[in-house]
Amino acid sequence: MKVICIGRNYADHAKELGNEVPQEPLFFLKPTTACLYPGQDIRLPNIPGEIEHELELVVMIDSYAKDVPKHMALGLIASFTLGLDLTARTLQNQLKANGLPWEKAKAWDGSAVLGEVELPMTASTDLQSFGMELKKNGQTVQRDSTANMIFPVADLIAHVSRYITLEPGDLLFTGTPAGIGPIVPGDVLEGFLNDKRLLHATVAKG
């Protein structure tokens, strides 16, 4: 099992960070120790600077696959939920400025927060028609539609599988829309997919 994360998959998010819109999917990996499961508090890492939330649609792969054709890609999905790709933004900006990898800013323990409910993938599921919303302390901070992805989920799976073999249980974080922002101890984060709450996490104090 591995955690595959897509970067800059919403144009507005790329713009808010001052990044160019990519010509092909950009992806990076997190270790399994990054996974934070339902009921667990978010514990901020001992990393200077801001830690930011990024709400994302997450899909789980159910079989081994390599070089998957786009038209077959959605058939590899077992289920889907919401997740948070937590990012040490200050550190990430420093790493990017020096042309260094992002892992220290992206792959720390507990940085891949998973939703409370996984929904099964069916033939009628349209992953590109979901509304996503993140509330922080009851206030909406991120809201968008998966229809606005630059690269749809099928394209992401096909692209990633060109380079690495997909395995059962792999998680694919599909990118975040605009509205990212800092989190601090005591914050309560709630993620909604089509107005159904799938994610609830509290940032631990102390």
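First residue of the sequence shown: 652, per my numbering; consecutive thereafter. Even for Gly, the Cβ is constructed at its ideal location relative to N, Cα and C.
Candidates the options: which alpha carbon is nearest residue i's?
i           : options               : result
residue 849 : 664, 667, 747 and 784 : 784
residue 811 : 704, 660 and 717      : 717
residue 775 : 750, 730 and 705      : 730
residue 841 : 673, 685, 732 and 713 : 732
residue 795 : 826, 789, 813 and 748 : 826
residue 756 : 703, 843 and 818      : 703
residue 839 : 790, 807 and 816      : 790
Would residue i and residue j be called neighbours here (beta carbons separated by less than 8 angstroms)?
i           : j           : result
residue 700 : residue 677 : no
residue 856 : residue 833 : no
residue 679 : residue 734 : no
residue 870 : residue 719 : Not covered by the structure: residue 870. The range shown for the chain is 652 to 857.
residue 809 : residue 687 : no
residue 758 : residue 666 : no
Which residues in the same chain as residue i place their Cβ atom closer than 6 angstroms to its Cβ, once the five residues preceding and following it in sequence are excluded?
i           : result
residue 725 : 805
residue 792 : 785, 830 and 832
residue 736 : 656, 705, 707 and 824
residue 670 : 659
residue 664 : 827, 828 and 829
Which term fits residue i, buried or exposed, when burial requires 16 or more other beta carbons within 10 angstroms of its beta carbon?
i           : result
residue 797 : buried
residue 683 : exposed
residue 801 : buried
residue 752 : exposed
residue 854 : buried
residue 852 : buried
residue 685 : buried
Report yes if the C-beta of residue i is less than 7 angstroms from at least one heavy atom of the ligand GTP; otherwise report no.
i           : result
residue 780 : As for the ligand GTP, it is missing from this structure, which has no ligand bound.
Quick one: what's got a C-beta closer than 7 angstroms to residue i's C-beta in the same chain, skipping five residues either side?
i           : result
residue 727 : 712, 713, 714, 716, 719, 808 and 817
Pairs of beta-carbons, one from the region 688-699 and one from the region 708-722, closer than 8 angstroms: are there three or more? no
Is the region 763-776 in contact with the region 741-753, if contact means three or more CB pairs nearer than 8 angstroms? no
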